[in-house]
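Quick note on numbering: the sequence shown equals residues 2 to 1244 in the numbering used here.
C-beta: ideal position from N, C-alpha, C; glycine also.
First comes the structure, then the notes that go with it.
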Amino acid sequence: MSNVSYHISNLLEKMTSTDKDFRFMATNDLMLELQKDSIKLDEDSERKVVTMLLKLLEDKNGEVQNLAVKCLAPLVSKVKEPQVETMVDTLCSNMMSDKEQLRDISSMGLKTVIAELPLSSSGLTLTVSVCKKITSQLIGAMGKQEDVTVQLEALDILSDMLGRLSGALVSFHSSLLSSLLPQLTSPRMAVRKRSILALGHLVPCCSPALFSQLTEHLLTELAKGPPTSMTRTYIQCLATISRQGGHRVGEHLEKLIPMVLKLTSVEDDELREYCFQAFEAFIRRCPKEMSPHVATVTQLCLKFMTFDPNYNYDDEEEEEDSMDIEDGLDEESDDEYSDDDDMSWKVRRSSIKCLEALINTRRDLLLSFYSSICPALLARFKEREENVRADVFAAFSTLLRQTRAGSCHHGPATPGSDSGKSREEEPAVAMLKKQVPLIVKALHRQLKEKSIKSRQGCFCLLTELAHTVPGALEQHIPALIPGIVFSLTDKSTSSTMRIDTLSFFHVLLLSHPPQAFQPHMQVLLPPVVACVEDSFYKITSEALLVAQQLVKVMRPQGQTATAGGFDPKPFIREVFSVTLKRLKATDIDQEVKERAISCMGHMVCHLGDHLRAELQGVLTIFLERLKNEITRLTAVRTVALIAASPLKIDLSSILPEALSVLGSFLRKNQRALKLGTLACLTALVTHHAASIKPAALEPVMCELPALVDENDMHVSQVSVTLLTCMAKACPSSLAKISSSVLAGVFRLVHSPLLQSGALAAILDFLQALVLSKTSNLGYSQLLKSLTDPFHSSHSSADSSIIHRQSYHSVARCVAALSSACPRETAGTVAGLMQEVKSPGSPESARVLALLCLGEVGRSGSLGGSKEVQGVILEAIASTNEEVKTAASCALGGMAVGSLNDYLPFLLKEISSQPRRQYLLLHSLKEVISACPASSLSPHVESIWALLFQNCECQEEGTRNLVAECLGKLTLVNAAQLLPRLRQQLKAGSPLARSTVVTAIKFTIIDQPAPIDSLLKDCIGDFLKTLQDGDINVRRVALVMFNSAAHNKPSLIRGLLATVLPHLYKETQIRKDLIREVEMGPFKHTVDDGLDVRKAAFECMYTLLDSCLEGLDVLQFLDHVEEGLKDHYDIRMLTFLMLARLASLCPAAVLQRLDRLIEPLKATCTTKVKAGSVKQEFEKQEELRRSAMRAVAALLAVPEVERSPSMADFANQIRTNADMASIYQSVQGGEGGGLGPAESMDMS
């Protein structure tokens, strides 16, 4: 220790030297010492260092002064409180000094100290006491009117302090407010501006009473009608505090709006600008409270966005063409009017920004924006001020983005189906499509402007348009091409402009059909080729992407050599030579390398027949790139592309070597590379089997066993697909399969994790394998391997290994094998029936045999065999549950295969055998789900009648089955059957009503279906059951509503206004449904309303994802807040909702923050009673973790810690070891979940 103090006293001595260099070096050394974490100072050294540094602040040499200020930062955390206070006192008194330099350096020192004060709870006492000192001094300094510079510095430091430590200054807020308000009337503009900034920092943390005081003050002052310059200050202050204080302005809006509206009519441009800035802040921060004023503000914005009193636009329209020729004239007219005194552009810009805020926050008014705002913005594309024009483009792009958000949001479930899409995205997109010609006409001229900013704006806007309505620009491509070419070739164009143009061109090529570009190839290709040659790598890489698309345009996939009347021949040479040059270069950027490989790959794939002599050279380069670790992934994908080309490119020169390289990739740890390699091998084996020698596939075969494994189902599926291709194309390569990969395939079949994709691949593989007749594996061998594990499981230890899922997988495999070898079917079926009948066979073997019979029967190959029927019926009557269930599945499968033989028999059994009804209904459900509508139609009436006889069954399980059958049957003939279900709502008992409503749930599927339009018309009637007297019917109605909101939000979007009140009503806890049950000596409370509440909260959670724009978030939050205090299950749900809301609508959550924190805090701090059971502990732990996740989501919202209660809670979490560890694990858990997978991928 003494060593350190010795060293430091040495430095301090040097600091008193007369030589400034000594002083400088010593101060520098001191700074380095202080920055070390390990340094500890004793009290004496602390005092000396502080005194010395404060003295150096008055040093004659500026550099020494600056260093001394820098030393203060590390010093704050190294010395004790009294020393920090000494520092602050001296700095504050120096701030009042008459010497300007000392004042400046002291204010820098103060800012440095403030930036270093600790925020953690351990250092809070220091921070608070230091802040008190500074604040009282600063308030004094602000009062000194005679010297403005002191005032300005004081305000500046105050802003800094409030911005960082506002929470610590709570006790000073009111005195700060009263000393800041008079500064707003200061004669000096700079003082007023800085006071506004300081007030802005004060607002987020101050109490509601203070906020009201501030707003009232501004209102009173404005009402007095002060001079314009003062009015400007007050309005500017309003805008700032509503931006910073957010939702708090909401309650004062009714008084504020009329005042601001009145002021827009004052003839003063800057004042108007501030008024619009205030409106923009109101709209962004309090969208709900602004609702009644939206129309008025929109009108004002539309009026003032064209406000340009000193310039006449009318004559420009006619001169459109002459303008292009006489560039000189254009410039003069600009100079003449961009008069320095003309401030009207500020008004235009602020009103346009205000409109943009409107578009951004009110998606629900989108359609009205298209009729009001859209034409007005289009008309302003001719704006003369470049900055304002950029804002017009930005606002219009926001409008397009909002339209796109809407149309994507409605149809997530319909990627492939156009009809579904078009039904979903209607009105706004339709209105936009009508505007496209006008948009292009307005932009066409801007694209030739000299101004780079304008052109960038145009391209951003057009990119948004192409994304929002793909294909809309097809007719207008000839109008856009000159602009694109101009921006690519113009000498004065910057590189960012070129990159923007290329990326727009790329989007345009992707979203429009090739025929639209073919006629313009002559003009389009040269500038793109020139960009590929560019020396800046970013331009090259963008240009290669565009070139790749242009290659596809020259000859779209699947066309013959000269189909479509367009001949690509003249253009191939120039693209080929520049791409080849980039492909050969090894000393270029990684991105350019990859894109050159990809672009050349597309050339070979689409135009390979034109490359004759060069082709082999290119393929050799590809082989080189395959061997290079950096480019191998791109090369693998490219080889796969070429292999599958319809031009049948000859790859024999590189095949043997490529196969061994690809085989080695299957060992690598990088998952993307494995998948790419498997896809590439599949393409090679499928299309080039003739040129592959069986021995060449050896290295690949060796690697496959390791890949077929349940730990990565997708890789397994792709590997099995490759095996299938090998079995079909090169059967001889599978000779040794039984000893290598096959065991893995069977392990997969028996795995409980097997999913449909991988199972389908395995079925294909087994069929291909049994038909290829290569290996010694015939039908019976394969069958034995599949079914063996089910026979050997006599010991109980074994039988637990077989999972229920594997029975079904094996049955599907057996059926696939039997359909591939129809000759063997009869023998197999006889064997299976024997298995079911024989009393000696283990349960697992009988269950499997029944399921196999069902799957074999599904293909119709059993006919209506009476013998099989008998066996199944006997099994349904068995005493063993597993056997019974399997028999009901089997009966369903057979009935699907031969409907007319089995269905009447099945219906008769259901009505005559009430004890087996549940099992037989399962079979019926299977039939209705799996049979095509056409074959079911004749039987609909009889099934319908039977189901309605059973819809009031007391057993809930049976009722649910009946409902599922009804729902799926309704899909067969919706027009006729849906109205009948609707009838039943009025007629039936509560049980019948609940069955009908559940049936509707099963008609809502996540693919577009013909029933949708019918459902949309009548779902309102079914949702009226939310008001049903019977609690069970209400619960079922909520479950149905949840299903609709999840799978087809479009059905219920229009009904939200009527449904939400009933939904919210069901979230309330009802005392009359809570009863006490006596269990022996104990009393136990039962809440019959819990299930309904849970269903209601589940609906709320779903609506957040699918219908956010239809919700009033603040009202929604009221109910979430109630849920935070409810039962365990509901709290878990509301914690999830809160986390979701924090990311979706942070502004609203901040508004309610203080009320939401309490229940979260309560959950995080509760302790379980000491004598509780283990489950209680686990439950409570899970609750706390879940609450902490919600807290973590809240803490991720910017500006959240400005709320005193949140800051307080955050500190509590940091200081309490228990809570801190939960918080850490939740934080780690979020990222940790991704960790291993990510790291595996990267390796």
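Of the residues the options, the one placed nearest residue i, counting alpha carbons only
i       : options                           : result
Gly1245 : Ile589, Thr580, Leu1161           : No answer is possible for residue 1245: it lies beyond the span of the chain, which begins at 2 and ends at 1244.
Lys1168 : Cys287, Met1220, Phe1210          : Met1220
Ala697  : Pro288, Lys675, Leu708, Ser653    : Ser653
Met555  : Asp501, Ala691, Ser536, Gln516    : Gln516
Phe397  : Glu86, Asp365, Cys355             : Cys355
Asp1007 : Thr1026, Ala976, Arg994, Leu1052  : Leu1052
Leu978  : Gly779, Cys1146, His1085, Ile1012 : Ile1012
Val389  : Arg349, Ala645, Pro376            : Arg349
His174  : Lys649, Val85, Ala1148, Gly201    : Gly201
Arg1035 : Ile1075, Thr1086, Asp1092         : Asp1092
Ile1005 : Lys304, Lys1017, Lys133, Gln918   : Lys1017
Val771  : Thr725, Leu754, Asp789, Val750    : Thr725
Cys600  : Leu1074, Asp590, Leu584, Ile589   : Leu584
Gln1069 : Val129, Tyr919, Leu367, Asp1089   : Asp1089
Arg983  : Leu92, Ile1001, Tyr808, Cys966    : Ile1001
Leu511  : Leu474, Thr150, Gly861            : Leu474
Gly898  : Ser692, Ser913, Ser912, Ala931    : Ala931
His507  : Leu545, Lys539, Val470            : Leu545
Straight-line Cα distance separating residue j from residue i
i       : j       : result
Glu217  : Met1207 : 27 Å
Asn1033 : Thr999  : 11 Å
Gly63   : Met97   : 19 Å
Ser493  : Glu543  : 19 Å
Thr587  : Val605  : 20 Å
Val811  : Leu723  : 21 Å
Ala199  : Arg1156 : 27 Å
Ala224  : Met260  : 8 Å
Ser1187 : Thr1164 : 9 Å
Lys1175 : Leu1184 : 14 Å
Arg24   : Phe394  : 57 Å
Ser351  : Phe567  : 50 Å
Ser160  : Leu526  : 56 Å
Ala769  : Cys853  : 20 Å
Ile258  : Phe283  : 9 Å
Leu1195 : Gln1228 : 12 Å
Arg244  : Val250  : 9 Å
Ser213  : Val1201 : 21 Å
Leu685  : Leu466  : 40 Å
Other residues of its chain near residue i: CB distance less than 7 Å, five sequence neighbours each side excluded
i       : result
Pro706  : Ser741, Val742, Gly745
Ser176  : Ile140
Ala659  : Leu624, Leu627, Val640
Arg195  : Leu153, Leu156, Asp157, Ser160
Gln1225 : none
Cutoff 8 Å; reference residue i; Cβ partners in own chain excluding five residues on either side
i       : result
Glu450  : Arg456
Val884  : Glu844, Arg847, Val848, Leu851, Ala876
Leu970  : Ile929, Leu937, Val941, Ile944, Trp945, Leu948, Leu978
Thr1245 : Nothing about residue 1245 can be read from this structure; the chain reaches only from 2 to 1244.
Asp30   : Leu12
Whole-Å CB distance - residue i paired with residue j, under 8 Å assumed
i      : j      : result
Gln756 : Met727 : With 8 Å as the limit, Gln756 and Met727 do not qualify as a contact, their Cβ atoms being about 23 Å apart.
Arg364 : Ala296 : Incorrect: roughly 17 Å between the Cβ atoms, too far for contact.
Thr678 : Phe666 : 4 Å
Ala644 : His689 : 6 Å
Beta-carbon proximity list for residue i, same chain, < 6 Å, skipping 5 on both sides
i       : result
Tyr1065 : His1120
task = Tell me, please, whether the segment 14-27 touches the segment 48-62 by the rule of three or more beta-carbon pairs shorter than 8 Å.
result = Here the segment 14-27 lies against the segment 48-62, with 3 or more beta-carbon pairs under 8 Å apart.
inquiry  = Taking 8 Å as the cut-off, does the segment 591-598 touch the segment 611-618 (at least 3 CB pairs, one atom from each stretch)?
reply    = In short, these stretches do not touch, since the Cβ pair count stays below three.
Given 8 Å, three or more beta-carbon pairs between the segment 910-927 and the segment 879-895 = They touch, by the three-pair rule.
request  = Kindly confirm or deny that the segment 1083-1098 and the segment 1106-1116 touch, where touching means at least three C-beta pairs closer than 8 Å.
outcome  = The segment 1083-1098 is not in contact with the segment 1106-1116.
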